[in-house]
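Right, one structure below, let's go through it.
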Amino acid sequence: MKPAKILAFDVFGTVVDWHGSIRREAEAMMPGIDGAAFANAWRAGYKPAMAEVRSGQLGWTRIDDLHRRILDRILPAFGQDLPEAQRQQLNLAWHRLAPWPDAVEGLARLKSRFTIVTLSNGNLGLLANMAKQAGLPWDLILSAEVFRHYKPDPEAYLGVADVFAVQPDEVMLVATHEDDLEAAQRCGLQTAYVHRPAEYGPLPKSVGDLSRFTFEADDFIALDAQLRRA
């Protein structure tokens, strides 16, 4: 196995704690709401919304706009009718997601030996704002918006290799989502599963057989240690 040159990171759940961040912002704006349930309901609309775009049912739509469509749909289910200004502010909570405790240090360590980039379905403006606020030291921000294909479309994974003029197996996807990693594997990328057991807050996160991936690590610092030994 040749060493990877590019580490491409899934972001939501892998690098940042979307659940805890959305829960806190929802509870601050809507006192008395079940913030954990609200966060999970908002996230649950994510894949179906992207599927509409991937199938052609909906034209190319940025994640910011998909998030807003989902938000408008779930607010009544939680007994909420926020005015427009508050809806806009809450929708931008996805730009303000807090990193996991190991993320900034771990990324800095990995950056000393690899080129580190995002490979997220989040749009470019969202990812840039998040990086600025959270101190995420990316070499380059890549997004489904660049390739006009949402993961798990092959164009997203192969697009990273094309940007850097390397072979697919010189790119490693780092993610906490097995389906994302499996799609990357089918495109010839190396893969690293990182455990994020609290991704969905109190909801248990089931994990399958991780031996099918190139690496498995508890966090980014542990991943860096593994890659140094590889």
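Residue numbers (my numbering): 12 to 241. Quick reminder that beta carbons are idealized off the backbone N, C-alpha and C, glycines included.
- Of the other Cβ atoms in all chains shown, fewer than 16 fall within 10 Å of the Cβ of residue 12; this residue is therefore exposed.
- In the displayed model, residue 38 falls within a helix according to three-state DSSP.
- Residues of the same chain with a CB within less than 6 Å of the CB of residue 186, apart from the 5 flanking positions on each side, are 21, 25 and 192 in chain order.
- Here DSSP, grouped into helix, strand and coil, assigns residue 144 to helix.
- Assigned with DSSP and collapsed to three states, residue 172 falls in helix.
- In the structure shown, residue 158 falls within a helical segment according to DSSP collapsed to helix, strand and coil.
- In the structure shown, residue 108 falls within a coil segment according to DSSP collapsed to helix, strand and coil.
- When beta bridges are read from the DSSP output, residue 131 appears opposite 154.
- For residue 184, the enclosing beta strand (DSSP E) covers residues 182–186.
- Under the three-state reduction of DSSP output, residue 115 falls in the helix class.
- The continuous alpha helix (DSSP H) containing residue 238 extends over residues 231–240.
- A Cβ-Cβ distance of about 6 Å is found for the pair residue 71 and residue 159, placing them in contact under the 8 Å criterion.
- When DSSP reads this structure, residue 18 sits in a beta bridge with 127 and 183.
- If you check the CB distance, residue 177 and residue 151 do not come in under 8 Å.
- The C-beta separation of residue 79 from residue 102 comes to about 5 Å, placing the pair in contact by the 8 Å criterion.
- Under the DSSP definition of a beta bridge, residue 28 partners with 109.
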